[in-house]
Amino acid sequence: MPHPSPPSPPSSSPRPALRHTQGMTTLVTVLGTCLVIAVLLSMTASVLLGNQRGAADNRLILETQYAAESALARAQATADQFADALNSIVIPPGTQQSTVLSQMGVLCSLPGPVTLPPQVPNLPRTGSRLCNPPGLTGTARDAQLAFLRDNAAKPAGWSDAAWKSHWRAMFGGQNGEVLKRTDASPSTATGTMDTEVQGGLTITELKITPDNKLHLMLQTTPLIATATLTVGSRVVAQRRYSSGGAQTREIVISQPPFSQYQYFVNRRTLPSGGRLVFWDQDTFEGRVHANGTAGSTAPLFWASSVNAGPRFLGRYTSTSTTLEYSTAAQPAASTMFQGGHQLGVAPIALPTNANNQRLATTGILPGHCSDTATCLASTFGPSGTNGVYYARGTSGAPNSATTFGQSGTGGIYVKGNVENLTLSKNGTYQRIEIVQGGVTTRFEQTGPTSWQVYENGALRKTMTGTFNGMIFVDGAIGTAAPAGTGGLKGNGTSDPDIAADTQLTVAASGDIFIKDDLTYTDNPQTEPGARNVLGVYSEGGNVKVNGPLNRDLTIDGTLMAAAAGKGFGTVDYTTRRTTSSVTPKINITGGIIEEQSQGVGTTGTPGNGYSRNLRWDERLASSVTPPFFPTQGQYDAKPDFTDLSQPRTFRAEGM
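To convert a position in the sequence shown, counted from 1, into this note's numbering, add 17.
Here it is in structure tokens:
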């Protein structure tokens, strides 16, 4: 077989084209790698730069947030200062009504004093608007805010100009600027940080309510703090914080009625000179005030042990600077005065006359009459004859009109002593019966604004208009004896005597003798929203009880005797009033206001006089007052401006 030829040996000649291709590939690979590295380096640099810029912006945003928070905190502190200043408003002692009305006129930007409506007690319960103060600007607001701006509350180091400027700012309302501050060079960048807070208070209304109180209404608007950081022309960051919301606040300006006290006494002594004491068993739920300095006229306390003594659950105030005890046991003040107490306060003067109550029967307010006797004569006629007057008339034709007093509103005025004044109900309405000199005048209410008047049983007149609840007797009501007969009393049964919608004040120039129960239809102890109320006030005599023997006496109302040496008591507190050994009680739901205590009973001889059971009617401290009941001479302002700065809520806006 033939053998195959052996393979040819490899050629040893060079191949230059292949070497060139391989070199190009290597170059491309190197260049590509460099490009990738460059891209990666570029991306890394961009990320690093972005992170650095993001971190810087975050720091700026955080600083802006802190600036807004700080601005709001400063504004809240400013608001707290204003709240303290508003809550400290004090009307100086001796301020007259004309001055108060003039101050309110300036606040309302009126050319003169605020004018009160002629028939305040017959206004709607929500009150009547006297003005809407305009929103003044600039320094014109300084005079407008003078009543509110208590210079005694000005922070230390503040100038008068700065204090006034801050008041103008705080009362800028929704668009008011409370604080504006510019920081030229923040620590994190070259730029400008502007912080601004807007909000504050606006005076919205001045109104008067039927209880003769002025209500200055204000509106709070939220505090809104904004911080804006700019670098060059670029807004880098903006943050905003807000605090609170819109709320209505008020300042109540009034002469507080004496009916706000459960017990008020000018001299805590008997007419004989002996000192009376507050005993262990005495408990007062309402406010108590006692004039009198240390010694014979100051309050005296009796305690059987250091854990005993009387209990004052409401606030106790006294002009005396010390606590005097009639026993060795001296309880701590915190034991007796559980409602708080204050010693050494200024004395509170009792009224010196009842002209406001006389005038109220005509339907004319004191500010609209310069002489009480003249106004009485102009309404009821110039006659000085004893009788019962209730409508306009003349001396020849008294009570000839068919509306109460003037303009369809007024009360009942009685000239001379009356033997009997009885309060009872006519169905759901009120009945008032007055006996004088053989004539019985009976007022029967038949509707909210309608009455029928009877004389000795015969219908004399049908009345329209509003009876304002004031009964004034220019004389005495009843006599001291016999017990349980003529005087001020109810109907003599267990039925209530004062209708649910009836508000009465029975006043007299002389003594008032209470001879039987006087009770409400709606009991305020169980019905806090009850509207029936009774005030009994003697201008120059005592208010004394002399009820049926062997029986407790129940009185719903507040009792007042203001003349020197006069007060509340029993006709004869040493006389035995029971055939048993149990002393009868006087149950009073309301208050006692007296110049000098008259004595109610004797503790050493059971059965002589009465013992007292005092209960408080909380409505008398705030919401309900007997019509035209005497008021304190001192004006009082009660603001409510707690928590003007409220919890913050974060809200971010802008960049």
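Here a beta-carbon is modelled for each residue, glycine too, at the ideal position from N, C-alpha and C.
If only uninterrupted beta strand (DSSP E) runs of at least 3 residues are considered, those enclosed by the region 602-647 are 602-613, 628-632.
In the three-state reduction of the DSSP assignment, Glu-556 falls in the coil class, being assigned neither a helical nor a strand state. Check the Cα spacing between Gly-144 and each of Lys-230, Phe-329, Asn-372: the tightest is with Lys-230.
A buried status is given to Pro-644, since no fewer than 16 other beta-carbon atoms sit within 10 Å of its beta-carbon.
By alpha-carbon distance to Thr-622, the top candidate from Ala-371, Val-362, Thr-596, Thr-247 is Thr-596. Counting the other CB atoms within 10 Å of its CB gives Val-490 a total of 16 or more, which places it among the buried residues. Gly-582 is classed as exposed because its beta carbon has fewer than 16 other beta carbons within 10 Å across all chains shown.
According to the DSSP assignment, Leu-124 belongs to no beta strand (DSSP E) but to the alpha helix (DSSP H) extending over 114-124. Under the DSSP assignment, Phe-530 falls in the beta strand (DSSP E) whose first and last residues are 529-531.
For Leu-317, same chain residues with a beta-carbon under 6 Å away, outside a window of 5 residues either side, are Arg-292, Val-294, Glu-341, Ser-343 in chain order. Counting along the chain, no beta strand (DSSP E) covers Gln-161; the unbroken alpha helix (DSSP H) around it starts and ends at 157-161. Around the beta carbon of Leu-79, fewer than 16 other beta carbons lie within 10 angstroms, which makes this residue exposed. Spanning the alpha carbons of Pro-499 and Leu-127 requires a straight line of approximately 59 Å. Secondary structure note for Asp-573: its beta strand (DSSP E) is the uninterrupted segment 570-578. Counting along the chain, Ser-351 sits inside no beta strand (DSSP E); it lies in the alpha helix (DSSP H) bounded by residues 350-353. Taking each of Tyr-537, Ser-639, Glu-472 in turn and checking the Cα distance to Thr-458, the smallest one comes out for Glu-472. Between Asp-167 and Ala-96 the beta-carbon gap is near 15 Å, outside 8 Å, which marks them as no contact. Ranked by Cα distance from Gln-264, the options Thr-237, Gln-279, Leu-124 are led by Thr-237.
Taking the C-beta atoms as reference points, Ser-614 is found no nearer than 8 Å to Gly-574. Linking Ser-87 to Thr-212 through their CA atoms gives a straight-line distance of about 9 Å.
Rounded to the nearest whole angstrom, the CA to CA distance from Tyr-83 to Arg-76 is 10 Å. No Cβ-Cβ contact shorter than 8 Å links Gly-290 with Phe-329. Residue range 177-187 is occupied by the alpha helix (DSSP H) that includes Trp-180. With fewer than 16 other beta carbons inside 10 angstroms of its own, Gly-455 counts as exposed. Unbroken beta strand (DSSP E) stretches of 3 residues or longer found wholly inside the region 346-415: 358-360, 404-406, given in chain order. Judged by DSSP secondary structure, Thr-445 falls outside any beta strand (DSSP E); it is assigned neither H nor E.
Secondary structure of Phe-484 (DSSP, three-state): strand. In this structure, Arg-332 keeps its C-beta atom at 8 Å or more from the C-beta atom of Ala-307. When secondary structure is reduced to three states using DSSP, Asp-491 falls in the strand class.
Cβ-Cβ distances below 6 Å link Ile-220 to Pro-150, Leu-235 in the same chain, with the five nearest sequence neighbours on each side left out; the list follows chain order.
For the options Gln-120, Val-599, Asn-283, the alpha carbon positioned closest to that of Leu-367 is the one of Asn-283. In the DSSP assignment, no residue is bridged to Ile-106. Around Thr-502, the same chain offers Lys-532 as residues with beta carbons nearer than 7 Å, after the five sequence neighbours per side are excluded.
Per DSSP, Gly-309 lies in no beta strand (DSSP E) segment and is marked neither H nor E.
The Cβ-Cβ distance between Ser-412 and Gly-398 falls below 8 Å.
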